[in-house]
Structure formats: structure tokens, C-alpha cells
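Here my numbering is used: the first residue of the first sequence is 229, the next is one more, and so on.
Think of the CB as a built atom: it goes at the ideal place given N, C-alpha and C, for glycine as much as any other residue.
This one's a predicted model, so the numbers in the text were calculated from it and none came from an experiment.
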Amino acid sequence: MDYKRYIADKIKIDGVSADEIYSSVTLPPDTQMGDFALPCFKFAKIFRKSPAVIAEELKSAFNVDKVITEVSAVNGYLNFKVNRFEFSKAVISEIENRKDNFGASGVGNGKTICIDYSSVNIAKPFHIGHLSTTVIGGALYKLFKFLGYNVVGINHLGDYGTQFGKLICAYKHWGNKEEVESGGIHSINDLYVRFNNEADEEMQAEAREYFKLIESGDGEANTLFEWFKTLTMDYVNAIYEKLNITFDSYAGERFYSDKMQPVIDELEEKRLLETSEGAKIVDLEKFGMPPCLILRSDGASLYATRDLAAAIFRKNTYDFYKCLYVVAYQQNLHFKQVFKVLELMGKDWASDLVHVAYGMVSLEDGAMSTRKGKVVWLEDVISKCIDKAYVIINEKNPELENKKEIAEKVGLGAVIFGALYNNKIKDIVFSYDKVLSFEGETSVYVQYTCARANSVLSKATTEGSLPENYEPETVEFELVKQLAQFPEILAEAADKYEPSYIARFAVDLAQKFNKFYIDCKILAAEDEKSRQFRLSLTSATLQTLKNSLSILGIGVPDKM
RNA sequence: GCACCGUUAGCUCAACUGGAUAGAGCGUUGGUCUACGGAACCAAAGGCUAGGGAUUCGAAUUCCUUACGGUGCACCA
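Given below as C-alpha cells:
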């Protein structure tokens, strides 16, 4: 039941629609004031009366009932108190009925959303900077799926470009099969780095030749490239599996290499293309932007060219409702340009393209630099977190079964959660101290809370079922109200493309549960009604915590 | 130089998008265990929301401006 709607429908204000009232209903900062509130300041202008007077009038016109038991007018706010038991019953029984689906609204209704995220570059290992796009994209993927959308996860592979000519050249000079086989992707990366540091003019020319050979489908160059690609995909897939990340398409740069010419033709046809300094551009000066480069003076295509082709291909293929690009804010201008060019081409769906920008990761002593060896590899972060979780489990709970498996859930949770907890636009300074901290506002805290709840439930001799007529105490009711917010939080997270809302919700919920847990005895409750109610509440909380973490891609162990 | 983003407690961050007394975690100090898991809980200290102006019933939130930091600005992606 939608309490805001119920309240909005009961209040009649001339000239103000029920929907307007509905959207004004808020939650008071303190439960003592009430459970819902309607600020009356907006109406003051319309009626030329003080908000306090309006609130008073609305109060006396409002008939309390079994649902809304109390109304008060304070400082221009109209505050409502609900029947705690009825409210709790509605929330808890909804959770009991919907279980893993609690929170899903179905707003997606089968509409398609494409999400471009993570984007593997062939021959480059993941460093900590790749974590954000991967887990933010992954969380949005699960969130939209949960809300009933048809989601297409796209890994836009970086598998085309002169750097692969360089790589093959480096391999031919310095590499050998055994080394690459044992060293995997890192040894390929080392070859590439070495090329950039040491290659002379002669090797540069050679690299350009190798690139042409790959393009023309030459046997050996292509075989090497495919081998490097396989090594890369094996490496990233192992990471994706741990992080619970999936894709539906790996169409990348190479895939679009033959799909750009029609776009260029279309630009030409629509008289958008101009020649400037030997290059082909779309002039965007009218829009306060630098020109968008389509073709280099040597005729080669560019980043923007591929993104134009990709957007058009995706629209034709998936007929998306929205297409998201989970890419760092460094590329704000690039996407603004590409979206503008599509708009100028007359694509009315250009407004459905969204750049979901997030902040950058640096190290405590500055920006990462592969060449200087100043880099934190993602797989190292993951394994350190899992190792630490294992050590702690061994200390605290040495008798536990499946310690390895649980340590994985805990350690991986910490890695994922750490990257999702703050607003995505914030820059992050990576530190091992922070990701390895398992106290306070962390996934470990949430998982621990689940383990507690689980432990209580497993000790209960009978299952909890909601009693008739029970007056929840404030700590209990605070917890119920938090549970009730879950669907709304998910909707906001989807609306803002902001997984951090869900992460923060989970921590808030865990905090409220822990307060309840300390304050109220569950198994040894004063009476049977309390026991029943608290067991139901515990199980509803556990379900909701699991749902939130699972959208973020984090598992919940029964014990830890 | 121009454009965009950021600046909130010692540190890392919230704040229902303009609402009531700006809240958490970490750190500091002091408490809570004969228990349903202490990876927890409670309490205290800590704030002129970077500075200044404007808008209005009301601003951390909107606008202008200054400072500091980040990012981008033509043939890399």
C-alpha cells in the first residue's frame, strides 16, 4: 500500500491536484514528529495565508482513521502518524510474499536499455581504474533487469588500432611463446610498454606494417593477434566471474571497422562534413564546442567515428529506450560532441543516449602510470581482500565450513562495495587501508548483520508469523519504515544511474537492524506476540538486505 | 585562456533534489559482554557547509563572483 498516495487522496486543497500533493509528501527528519509530513509553504502563496494557518486548517479538515491515526500542525508542516501495526503488516507481508522480487516495480515493462561498460582493451590488464566502470555498469545492469527492463550489456572491445602493430612488432623482436604463455597478459603488456620506451624509427615503421597486415587478414599477424585476444579474454573473464559481471555483446572497435563508411557518407550527404586542416570534421562552434573529428588527414577514422557508427548500429539492432555509456568524466566533451552530431544528423533518439560519468581513480602519490610502474592491478586488490577476509575468519570463526568460499564473498564484496558506496562523480584516491577496512560503513558490516539475522532465525524453533494487533516499539518501527523505502530507493537509483543509493540504503538498514537487535530480545521476547513479530521483522530485513546486495553483485554468506 | 566538474567535522563521505535541530563511518575520549554472533552497540568532543554577494517565508542545495583542486579543449582511445 502506498501511504503517500493514501494521504494525498485524503487531503483536498482547491486548485492543487492530488498528484501535486502526493509529490510534496515527505518524511520528517525525526519520528517523534511523525511518519509522513506535508510542508504547506508552497500553498501559502496561492491562498495568501501563512503556512501555519493552512496547516491548521488542513488539520481540522482531516479525519483520522484506522490508517492515519494522528495529525498535527507544526511550524507550517502537517505531520501524520500512521497505525504502526497496520503499516508494519503491510510492509512485512509484502516482503514475505515477494521475497527475492521485493523492491521490483516492473516499470521497465520490457523496454530495452543498452549499457556500454567496462570495455576491455586487448593486451591490457585491468588496473584499479577499471573497477568503477565495471562495477557501476554491472550494478546498473542488474538494477534495470530487476526493474523489468530488457538489458543489453555491451563490452565495447578495444581491439583495433596501431597499438596492436606495435605489440606484434615488440613480440617478434623480444618475445617468445613460453614467456607469454607463463606470464599471460602481463607479459604482453610488458612487451608493449617496452616498445613505447625503446622502439626506434625503424621499429615504428615496422609496427605500422604489422598493423596493415592485421587489417588485411595476414596469417601470422592475425594469428598472434587472436592469441593475444584469447589470453586477454581468459584473464578478464576470470575477473568478471568473481565480480558477477556479464555481457550480452562484445561488439567492439574491430566490429565497427566496416560500419563507418556509411556514416561518413550520411554526414557528407547531410552537408555536415567539412574539411579543415586536411581533416574531415563536423563543425560545432555554434554549440560552443570544438569540432568533432571524423577522419584524420591521412583518411583514418577516429574514436568519434566509431562511436557514431556504434550508436546507430545499436539503435537499429536493439531499438533501445536508453543507451548508457558508463565512462569516466574525462570524456565528457567527447560524448557531448558525438551526441550533438547524431542530433544534427536528425536522429531523434540522440536524446536517449546518456553518458553516465564517474570520477577518476588516482594513487596516494599521484596519478597511475603504467610506464613508471606506478600501477595497482585489479586482481591484486581482489586477492588481497580475499586473503584478509580468510585470515579474519580463521581468527574469529575457525570451525566454519567453506571458509574459502565465504572469504571470497566477503573479500569481493569489499572490493565492489568500496567502489559503489560514494556518489559516482567523486574522484577516488585508492588506498589499501581503505578497501581492506572491514568495519563501519562497509559491505562486511552488512554481511555480518545478515549472518546475525540468519543465526537468530536458525535458532528459532517455530517460524515467525505476524501476530494480530501488536504495537511496535520505536526501534522496531524505525526498522519497518526503512524496509518500506526500498522500492523508492531503487527507483531513484535507476533514475539517477546511481548505485550508491542502494549501497547506502543497505548500510542504513543494517544499522537500524543492529539497533533493534541490541534493544529487543527476539528469541527470548517478553511475550509470544513480540517474539512472532520480531522474527517476522528479522526475516524481512534479511530478505531486503540480500536483495540490495545482490543488485550490487555481492553475495551474502549464511555464516561468516 | 575557454568550458565542464568538485570544495560540508581532524580524515573519507551523506543530506529525500529548496524544507524542520546539516547526519554517518574512521580516528580520539569514555562506556556496554555471565549474549539471539563484539566484524556489534551506546555516549562525548568535533561545523559561520571554502570566502563574498543575490534570489525568498526558508539556501549546503538555485544564480553571480573570488579562491583552491580536478578534467577536457584537432587528427590517441
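Closest Cα partner of residue i within the set the options
i: residue 397; options: 450, 544, 378; result: 450
i: residue 572; options: 642, 292, 501; result: 501
i: residue 386; options: 557, 480, 687, 333; result: 480
i: residue 602; options: 658, 646, 566; result: 658
i: residue 242; options: 261, 282, 229; result: 282
i: residue 310; options: 607, 709, 713, 726; result: 709
i: residue 518; options: 327, 509, 261; result: 509
i: residue 350; options: 458, 249, 753, 495; result: 458
i: residue 652; options: 570, 557, 745; result: 557
i: residue 702; options: 347, 335, 762, 291; result: 762
i: residue 293; options: 689, 275, 452, 312; result: 312
i: residue 690; options: 371, 767, 617, 477; result: 767
i: residue 559; options: 694, 585, 250, 436; result: 585
i: residue 667; options: 407, 496, 616; result: 616
i: residue 409; options: 376, 448, 460; result: 460
i: residue 495; options: 506, 574, 544, 432; result: 574
i: residue 698; options: 738, 644, 756; result: 756
i: residue 694; options: 253, 275, 324; result: 324
i: residue 400; options: 446, 391, 452; result: 452
i: residue 549; options: 327, 390, 378, 431; result: 378
i: residue 686; options: 287, 787, 745, 663; result: 787
i: residue 380; options: 476, 404, 436; result: 476
Assigned secondary structure, residue i (DSSP; H/G/I helix, E/B strand, else coil)
i: residue 290; result: coil
i: residue 397; result: helix
i: residue 768; result: helix
i: residue 390; result: helix
i: residue 449; result: helix
i: residue 384; result: coil
i: residue 522; result: strand
i: residue 268; result: coil
i: residue 669; result: coil
i: residue 504; result: strand
i: residue 656; result: strand
i: residue 479; result: coil
i: residue 321; result: helix
i: residue 608; result: helix
i: residue 553; result: strand
i: residue 412; result: helix
i: residue 731; result: helix
i: residue 812; result: Because the chain spans 229 through 788 in this model, residue 812 falls outside it and cannot be assessed.
i: residue 584; result: strand
i: residue 305; result: strand
i: residue 575; result: coil
i: residue 344; result: strand
i: residue 274; result: helix
i: residue 594; result: strand
C-beta atoms of residue i and residue j nearer than 8 angstroms
i: residue 716; j: residue 740; result: no
i: residue 815; j: residue 331; result: The displayed coordinates of the chain run from 229 to 788. Any statement about residue 815 would go beyond what the structure contains.
i: residue 639; j: residue 613; result: yes
i: residue 692; j: residue 758; result: no
i: residue 675; j: residue 785; result: yes
i: residue 484; j: residue 541; result: yes
i: residue 439; j: residue 393; result: yes
i: residue 347; j: residue 384; result: yes
i: residue 781; j: residue 471; result: yes
i: residue 641; j: residue 672; result: yes
i: residue 604; j: residue 656; result: no
i: residue 552; j: residue 725; result: yes
i: residue 388; j: residue 482; result: yes
i: residue 681; j: residue 770; result: yes
Assumed close pair residue i, residue j - CB separation to whole angstroms, cut-off 8 angstroms
i: residue 532; j: residue 521; result: 6 angstroms
i: residue 269; j: residue 232; result: So it is not a contact: roughly 18 angstroms between Cβ atoms.
i: residue 344; j: residue 554; result: 7 angstroms
i: residue 648; j: residue 727; result: 5 angstroms
i: residue 618; j: residue 631; result: 6 angstroms
Distance cut-off 7 angstroms: residue i Cβ against heavy atoms of the ligand FMN
i: residue 606; result: Of ligands this structure carries none, so the ligand FMN is not represented either.
For the region 512 to 530 and the region 293 to 308, state whether three or more C-beta atom pairs, one from each stretch, are separated by less than 8 angstroms. No, they do not touch.
With three or more beta-carbon pairs closer than 8 angstroms as the criterion, would you say the region 309 to 320 touches the region 334 to 344? No, the region 309 to 320 is not in contact with the region 334 to 344.
Under 8 angstroms: do the region 410 to 420 and the region 454 to 468 share three or more Cβ pairs, one atom per stretch? The answer is yes - the region 454 to 468 touches the region 410 to 420, with three or more Cβ pairs under 8 angstroms.
Counting Cβ pairs, one atom from each stretch, are 3 or more of them under 8 angstroms apart for the region 616 to 623 and the region 587 to 602? Taking 8 angstroms as the limit for Cβ pairs, the verdict is that the region 587 to 602 does not touch the region 616 to 623.
When you compare the region 749 to 757 with the region 726 to 735, are there three or more beta-carbon pairs, one atom per stretch, that lie closer than 8 angstroms? Counting Cβ pairs under 8 angstroms, fewer than three are found: no touch.
Can we say the region 475 to 491 touches the region 531 to 543, given the rule of at least three CB pairs closer than 8 angstroms? They touch, by the three-pair rule.
Spell out a yes or no on whether the region 580 to 592 and the region 559 to 570 are touching, meaning 3 or more CB-CB pairs, one atom from each, closer than 8 angstroms. Touching, yes, given that three or more Cβ pairs across the two stretches are closer than 8 angstroms.
Three Cβ pairs or more, each shorter than 8 angstroms: is that satisfied between the region 245 to 258 and the region 291 to 298? Output reads no: the region 291 to 298 does not touch the region 245 to 258.
Any 3 or more C-beta pairs closer than 8 angstroms across the region 366 to 377 and the region 427 to 438: The region 366 to 377 is not in contact with the region 427 to 438.
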